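Working notes for the structure below.
Protein chains: 2
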Amino acid sequence: MSGAMLKNALVTLKESGVRITPQRHAILEFLISSETHPTADEIYKALEHDFPNMSVATVYNNLRVFRNAGLVKELTFGDASSRFDFVTHDHYHIICDECGSIVDFHHPGLEEVERLASYVTGFKVNSHRLEVYGVCPSCQEQGKASKAN
Amino acid sequence: MSGAMLKNALVTLKESGVRITPQRHAILEFLISSETHPTADEIYKALEHDFPNMSVATVYNNLRVFRNAGLVKELTFGDASSRFDFVTHDHYHIICDECGSIVDFHHPGLEEVERLASYVTGFKVNSHRLEVYGVCPSCQEQGKASKAN
DNA sequence: TACTTCATTGTAATGATTACAATTAGTTTA
DNA sequence: TAAACTAATTGTAATCATTACAATGAAGTA
């Protein structure tokens, strides 16, 4: 099924007049197969083996191309670098305050919130962003173990 | 009323053993009176006149102190620098995709989303973050005016 | 095949944020 | 109030993610 996602993405790109290069193919493939919302640098390092000459600028350039095509979302948290997420069906993220791990979860869209926001502010709403923060099961276990802190 | 907010903030700081310096006082005061969710650099520039010797490092240091004390929230969007928001009652932000202006709006908390996320993922939920994106009234006007684009 | 245009590469530049060491200034206690 | 202790500020250098740019290379097209 991730094969179909890749194929769709390539079609979308072609339709917007974007050339399919081996680097773009590889970056997309990696993003789709990745569960971890990688940073640009992580993508770069992951593909270093197959593309020893690829520049980190290429990764950034293409992430921007994908983002403009609506294929990829950029996630900016407080920390230094952005993370990138291949857009599939709508999902939100929950992030562990302790270890930083990111887990997807599904929830019906928040149209009602968008409506209210639009009504109150007069904005024409395009989209929204939601993240939940907490402590993941694994860190909860460790917390129990070292109660002494 | 913003005077009371400042006073409360100072008490909170003192209670956590944080010293009240003129710089901290000024940064807090500016944040409370500001409607614009300023960046660290904007704060620095705004106070330059009153504190000609203040270092930009001081601004960053103290914003971190305030954040740790729960007085200030850091807002990270895609763009280069973080913005800082004095925490009052709970409100969310709606951001203009075109001009970047940020407007507050109120909405009941999303406890139900938190509950679902917690149930699905096993996380112990601490908080969430929500932002809505769209086009502000003023940019909508300009869009109409220059349909030619 | 040759041409046109876009993509990649490598490197330098930018800009936000942080680290660090020296100095200064709150706060406490006698 | 003065001395002493400790935390805060300052100035600067360092770091690190991201972007700009110019030269080279490769896709797509006639």
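Going down the list, the sequences are from chains L and R. Sequential numbering of the first sequence, starting at 107, is according to this note's numbering. Sequential numbering of the second sequence, starting at 107, is according to this note's numbering. Here a beta-carbon is modelled for each residue, glycine too, at the ideal position from N, C-alpha and C. Nothing here was measured: the structure is a model prediction, and the numbers come from that model.
Chain L places a beta carbon closer than 8 Å to that of Asn232(R), counting this residue as a contact. Going by DSSP, Asp210(L) is part of the beta strand (DSSP E) stretching over Ile208 to Phe211.
By the rule that beta-carbons nearer than 8 Å mark a contact, Leu177(R) does not touch chain L. With distances taken between CA atoms, Glu148(R) lies nearest to Phe190(R) out of Thr194(R), His199(R) and Phe190(R). For Gly123(R), not one C-beta of chain L is nearer than 8 Å to its own C-beta. Shown here for Val193(R): same chain residues with a beta carbon closer than 8 Å to its own, the five before and five after excluded, namely Gly176, Leu177, Val178 and Lys179 in chain order.
As the crow flies, the alpha-carbon of Glu218(L) is around 12 Å from that of Val231(L). Distance between Leu116(L) and Met111(R), taken at the CA atoms: about 54 Å. For Ile200(L), the enclosing beta strand (DSSP E) begins and ends at Tyr198 to Cys202. The contact set of His143(L) on chain R, defined by CB atoms closer than 7 Å, is empty, because the minimum CB distance reaches about 15 Å.
Put simply, the CB of Thr194(R) is far from chain L, with every gap to its CB atoms at 8 Å or more.
Taking 8 Å as the cut-off, the Cβ atoms of Tyr166(L) and Ala186(L) do not count as close. Here the C-alpha atom of Glu237(L) lies approximately 6 Å from the C-alpha atom of Ile200(L). Straight through space, the alpha carbons of Val209(L) and Ser233(L) are spaced by roughly 21 Å. Listed in chain order, the beta strand (DSSP E) runs fully inside the region 124 to 189 of chain R are 178 to 181, counting runs of at least 3 residues.
With at least 16 other beta carbons inside 10 angstroms of its own, Glu220(L) counts as buried. Cβ contact annotation for Arg130(L) (same chain, cutoff 6 Å, sequence separation greater than five): Asn168, in chain order. In this structure, Phe211(L) lies near Ala223(R), with their beta-carbon atoms less than 8 Å apart. In the structure shown, Gly228(L) falls within a coil segment according to DSSP collapsed to helix, strand and coil. Residues are counted here when their Cβ sits less than 8 Å from a Cβ of chain L; for the region 210 to 229 of chain R these are Phe211, His212, His213, Leu216, Val219, Glu220, Leu222, Ala223, Ser224, Val226, Thr227, Gly228 and Phe229, given in chain order.
With distances taken between CA atoms, Ser161(L) lies nearest to Ile133(L) out of Gly109(L), Glu141(L), Ile133(L) and Pro144(L). Exposure of Pro158(R) is indicated by the presence of fewer than 16 other C-beta atoms within 10 angstroms of its C-beta. Closest option to Val241(L), judged by alpha-carbon separation, among Cys205(R), Tyr225(R) and Tyr150(R): Tyr225(R). For Leu236(R), DSSP records a beta bridge to Leu236(L). Taken atom to atom, the span from the alpha-carbon of Pro144(L) to that of Tyr150(L) is near 10 Å. Interface annotation, Gly240(R): in contact with chain L, CB-CB separation under 8 Å. Gly206(R) and Thr142(R) have their C-alpha atoms some 11 Å from each other.
Spanning the alpha carbons of Gly215(L) and His195(L) requires a straight line of approximately 11 Å.
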